[in-house]
Structure formats: structure tokens, C-alpha cells
Amino acid sequence: MLEPDAYAGLRVLDMSQGVAGPYCAALLGLQGADVVKVEPPGGDWIRVMGGGQAGMTPLAVASNLGKRSLCIDARKPQGREAIERLAAQADVLVENFRPSVMARLGLDAAALCARHPALVYLSISGFGASGPWVDKPGTDSVLQAYTGLAMLNREADGRPRRIGMLVPDTVSALYATQAVGAALYARSRSGRGRHVQVSLAECCAAFQAAPIYESALFAGRQAPPTAVPSGVFRTLDGFITLLVLRQDMWERLCAALGRAEWRTAGDYIDNSARGRNAAALNAATAEQLAGQSSAHWIATLEAADVLCAEVQDYAQFRDHPQMQHLGAFGQLAQPPYQPLPMPYVPGTPRGGPIPPAPATGQHTRAVLAEIGYAPGEVAALERDGIAVQG
Numbered sequence: 000m001l002e003p004d005a006y007a008g009l010r011v012l013d014m015s016q017g018v019a020g021p022y023c024a025a026l027l028g029l030q031g032a033d034v035v036k037v038e039p040p041g042g043d044w045i046r047v048m049g050g051g052q053a054g055m056t057p058l059a060v061a062s063n064l065g066k067r068s069l070c071i072d073a074r075k076p077q078g079r080e081a082i083e084r085l086a087a088q089a090d091v092l093v094e095n096f097r098p099s100v101m102a103r104l105g106l107d108a109a110a111l112c113a114r115h116p117a118l119v120y121l122s123i124s125g126f127g128a129s130g131p132w133v134d135k136p137g138t139d140s141v142l143q144a145y146t147g148l149a150m151l152n153r154e155a156d157g158r159p160r161r162i163g164m165l166v167p168d169t170v171s172a173l174y175a176t177q178a179v180g181a182a183l184y185a186r187s188r189s190g191r192g193r194h195v196q197v198s199l200a201e202c203c204a205a206f207q208a209a210p211i212y213e214s215a216l217f218a219g220r221q222a223p224p225t226a227v228p229s230g231v232f233r234t235l236d237g238f239i240t241l242l243v244l245r246q247d248m249w250e251r252l253c254a255a256l257g258r259a260e261w262r263t264a265g266d267y268i269d270n271s272a273r274g275r276n277a278a279a280l281n282a283a284t285a286e287q288l289a290g291q292s293s294a295h296w297i298a299t300l301e302a303a304d305v306l307c308a309e310v311q312d313y314a315q316f317r318d319h320p321q322m323q324h325l326g327a328f329g330q331l332a333q334p335p336y337q338p339l340p341m342p343y344v345p346g347t348p349r350g351g352p353i354p355p356a357p358a359t360g361q362h363t364r365a366v367l368a369e370i371g372y373a374p375g376e377v378a379a380l381e382r383d384g385i386a387v388q389g
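At position 128 of the sequence shown (counting the first as 1) the number is 127 in numbering that gives the first Met the number 0, and the numbers step up by one without a gap.
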């Protein structure tokens with residue numbers, strides 16, 4: 000018998016847009032919560048970012064799995080009344096607007112938590128709820144530049160480079176989800192909710208704790224490499240990565256590469272020496288690896304118990320026997336597309352279908368009915384352009 004989902008019975012009101020807030024709410028939903036996504040007429044702006052059909056871009060889908068969508072205009076008093084009714088029933092509210100936006104609507108944490116003291120109110124911002132940058136927009140590229148991520152990922156010539164996925168948004172969603180879980184646990188003992196505030200800037204700082212500490216420790220000096228040789232190396236037909244962490248692993252690597260003389264070479268005699276000569280050693284390793292296939296080197300290095308892996312694309316990763324064995328990917332039947340693979344959230348039950356993301360306003364009438372609106376009242380809201388059924 001399957002255990003019930005951890006958040007079964009939890010009600011989440013998701014007023015956020017983009018990725019960080021919506022993905023946090025989706026994670027709660029994929030663990031059993033009933034998540035109602037509130038969208039303005041026209042929908043969440045993430046629905047038109049990137050390729051896709053009918054408002055179902057990859058970012059929009061991944062950030063909104065398993066939710067119900069209520070499309071309503073919160074700028075109008077009638078729209079705010081509907082949101083107020085939802086908030087009265089909610090355990091968690093998620094929003095990621097600039098701090099002034101929710102206050103203008105009368106839906107800020109101070110107002111709603113005063114009326115609903117058990118509510119866990121999550122605010123996600125770019126740069127925090129106060130300070131000189133309180134109203135500065137915080138997008139992924141801006142945060143990667145601001146928080147040092149682009150420097151951490153710099154090119155060989157030193158030029159900063161953006162990581163090719165939404166790291167600040169995704170990391171912030173993960174930190175926000177655990178913060179909500181902690182707030183709910185505290186509520187289970189006290190009976191009171193709280194205002195949880197998370198910023199993308201602070202989440203990126205926490206995520207980079209080790210390199211930030213390292214930069215302070217070495218005060219602008221180049222920190223010694225953790226391990227040498229290490230990195231991504233070209234083979235005859237692709238790329239592999241390898242990493243040598245200990246002296247015994249270094250000795251096994253020398254044997255596997257057919258370069259036994261490296262073991263006793265003064266420039267490579269221990270990790271400190273290899274660190275001082277990292278560029279030369281990595282270049283020599285690259286030259287050695289270039290002459291054989293990736294499969295040859297993976298088999299050779301694994302037999303020698305050297306840390307290594309073939310560089311794969313997403314299709315290879317998804318179809319690899321290990322991931323298939325783990326059942327890490329399910330099938331997502333997401334209109335208007337054919338069923339496609341989607342990873343399960345770690346720690347959740349496997350084997351069942353992954354719930355799709357909703358179309359804009361797909362559940363407007365049903366949600367309004369649940370909070371006490373009669374059919375005639377719903378029709379009036381639709382007629383006045385305040386509510387939209389998708």
C-alpha cells in the first residue's frame with residue numbers, strides 16, 4: 000500500500016509568475032498539495048518565453064506541473080475578493096512580486112497574516128524586501144552576473160560566462176520549498192503561520208557558500224586546485240571527464256594511461272606539485288586521451304578505479320541503464336504535445352503518470368464554485384472580463 004503524499008491536504012495559493020515562485024509551488028504540489036495558480040488575463044508571462052505551443056513552453060510546463068489555474072484580474076475589487084476567499088482557505092501563499100505590488104493590492108503579508116494567522120506567506124524577491132535595490136528587477140542573467148556565478152563559470156581566457164540554465168531561479172525555488180516546510184513544521188507546534196522571505200541574491204550566496212568562503216580565505220589570490228588532473232577532455236569520438244582526488248588514484252591513472260614515469264616525476268610527485276603544474280599536466284593528459292574512443296577510456300579508467308564519466312546529452316542521460324533502473328523519468332501527457340519523458344521529483348513515489356501543467360484559466364469556474372460563487376456570479380465575472388475560463 001502506498002503511503003499518502005507528504006503534503007496531501009495542504010492548500011497552496013500560488014500567485015507567483017516566472018520560475019522561482021511557480022517551481023516552488025509545483026514542488027509542493029508534486030508532493031501532494033492542492034495548488035491553485037492565480038494568473039492574470041493573458042496568463043503568466045513565462046508562458047511565452049521560449050519555444051512551445053498554446054502557452055506551454057518548457058519553462059512554463061516544468062514550473063507548473065500538477066496545478067489548477069484560476070485566471071482572474073487581481074487589479075479589480077471583484078478579483079481581489081476571490082483571492083481573499085482563497086487565502087482564507089489556504090495553508091501557504093506564494094508570491095514573487097516586488098514588495099510594493101502586493102501592498103497596493105491589499106494582499107501583502109501584514110494584511111493577510113493579520114486576517115489569517117495560520118497562513119504561511121512566502122515572498123520571493125530578486126534582492127530582498129528592503130535596501131537600495133528593493134525595486135530592481137531580478138532576472139536569471141542579472142543574478143548570475145551579480146552573485147559571481149558568471150565569474151565562477153568563466154571561459155579559459157577569463158571572460159565571465161552565464162551558465163546555460165536558470166540556476167538562480169531553480170536554486171531559489173529549492174531553498175524556498177525547504178523554508179516553507181520548516182514554517183509548516185513550526186506551525187504544527189505553535190498553530191501560527193509566518194512570513195517567509197527569500198531573495199534570489201541570498202539563495203545564490205548560500206548555494207555558493209564554499210567558493211565565497213574560498214575567495215575570502217585567499218583574498219584575491221588564486222586558490223590551489225582541489226585535484227589535478229581534472230576537467231573535461233576530448234577523446235577520439237567525444238568527451239569524458241576525470242578527476243584525481245588522492246595519491247593512490249593518481250598512481251592508478253598513470254598506469255591506466257601507460258605513463259608510469261609520471262608517478263615519480265618531480266613536477267607531479269604529489270598533489271601540491273601537480274597543483275603548481277596543473278596547466279602542463281592537464282595538457283599532457285588531454286594529449287594522451289585524444290587518441291582513443293570515449294568507450295575505451297571509460298572502460299580503462301573504471302577498471303583502474305579512477306573517477307570518470309562520459310559527457311552525455313540529455314537523451315543519453317535519460318536513456319542510460321542506471322536512470323532506467325532507478326525509474327527516474329515518468330511520462331508526461333501534456334496537451335498539446337504527445338507524451339514525453341519528465342523527471343520525477345526525488346523522494347516522491349515513482350511509476351505513476353506525472354500530472355500536467357494547466358492551461359491558462361483551465362479551472363477558473365471550478366475553483367470559483369469551490370469558494371462559494373454561484374454560476375450566475377461566475378458568469379458575471381466572465382462577462383466583465385474579470386475572470387477567464389480557459
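Each residue gets a CB set at the ideal place from its N, CA and C atoms; glycine is no exception. In this text the structure is predicted, and so the values were computed from the model without any measurement.
Expressed to the nearest angstrom, what Euclidean distance is found between the alpha-carbon atoms of residue i and residue j?
i: residue 17; j: residue 122; result: 14 angstroms
i: residue 439; j: residue 341; result: Here the chain has residues from 0 to 389 only, and residue 439 is not among them.
i: residue 293; j: residue 352; result: 35 angstroms
i: residue 13; j: residue 130; result: 26 angstroms
i: residue 218; j: residue 209; result: 14 angstroms
i: residue 176; j: residue 74; result: 28 angstroms
i: residue 331; j: residue 264; result: 55 angstroms
i: residue 162; j: residue 44; result: 22 angstroms
i: residue 273; j: residue 336; result: 52 angstroms
i: residue 387; j: residue 233; result: 54 angstroms
i: residue 205; j: residue 15; result: 22 angstroms
i: residue 398; j: residue 309; result: Shown here, the chain extends from 0 to 389; a query on residue 398 therefore has no answer.
i: residue 384; j: residue 72; result: 8 angstroms
i: residue 4; j: residue 84; result: 26 angstroms
i: residue 392; j: residue 156; result: Since the first and last residues shown for the chain are 0 and 389, residue 392 lies out of range.
i: residue 376; j: residue 88; result: 20 angstroms
i: residue 11; j: residue 127; result: 22 angstroms
i: residue 334; j: residue 147; result: 38 angstroms
i: residue 29; j: residue 211; result: 33 angstroms
i: residue 134; j: residue 374; result: 40 angstroms
i: residue 136; j: residue 98; result: 11 angstroms
i: residue 241; j: residue 167; result: 27 angstroms
i: residue 174; j: residue 65; result: 20 angstroms
i: residue 291; j: residue 149; result: 33 angstroms
Mind checking residue i: buried by the 16 CB within 10 Å criterion, or exposed?
i: residue 0; result: Only weak support exists for where residue 0 lies, its pLDDT of 39 falling under 50; the value from the coordinates is given anyway. Exposed, because fewer than 16 other Cβ atoms sit within 10 Å of the Cβ of residue 0.
i: residue 120; result: buried
i: residue 231; result: exposed
i: residue 182; result: buried
i: residue 116; result: exposed
i: residue 313; result: exposed
i: residue 33; result: buried
i: residue 107; result: buried
i: residue 55; result: buried
i: residue 360; result: buried
i: residue 339; result: exposed
i: residue 324; result: exposed
i: residue 78; result: buried
i: residue 184; result: exposed
i: residue 357; result: buried
i: residue 76; result: exposed
i: residue 178; result: buried
Bridge partners of residue i, per DSSP?
i: residue 391; result: The requested residue 391 is not part of the displayed model; the chain covers only 0 to 389.
i: residue 232; result: 239
i: residue 381; result: Answer is none; residue 381 lacks a bridge partner.
i: residue 108; result: Residue 108 pairs with nothing; no bridge assigned.
i: residue 13; result: 36, 93
i: residue 124; result: 198
i: residue 340; result: 330
i: residue 70; result: 38, 387
i: residue 55; result: 52
i: residue 183; result: According to DSSP, residue 183 bridges with nothing at all.
Taking the alpha-carbon of residue i as reference, which of the options has the nearest alpha-carbon?
i: residue 248; options: 324, 218, 303, 49; result: 303
i: residue 171; options: 23, 10, 333; result: 23
i: residue 355; options: 11, 157, 61, 146; result: 61
i: residue 25; options: 374, 388, 380, 347; result: 347
i: residue 86; options: 157, 192, 181; result: 192
i: residue 270; options: 282, 227, 300, 253; result: 227
i: residue 369; options: 27, 35, 7, 203; result: 35
i: residue 190; options: 199, 258, 118; result: 118
i: residue 244; options: 165, 224, 220; result: 224
i: residue 286; options: 322, 275, 235, 242; result: 235
i: residue 322; options: 300, 345, 254; result: 345
i: residue 81; options: 363, 382, 358; result: 363
Would you mind giving the Cβ-Cβ distance between residue i and residue j, rounded to the nearest angstrom? I have them listed as a contact below 8 angstroms.
i: residue 69; j: residue 366; result: 4 angstroms
i: residue 9; j: residue 90; result: 5 angstroms
i: residue 288; j: residue 296; result: 6 angstroms
i: residue 59; j: residue 142; result: With a Cβ gap of about 20 angstroms, residue 59 and residue 142 do not count as contacting.
i: residue 160; j: residue 152; result: 5 angstroms
Could you check whether the Cβ of residue i sits closer than 8 angstroms to any Cβ belonging to chain C?
i: residue 379; result: This model lacks chain C altogether; it includes just one protein chain.
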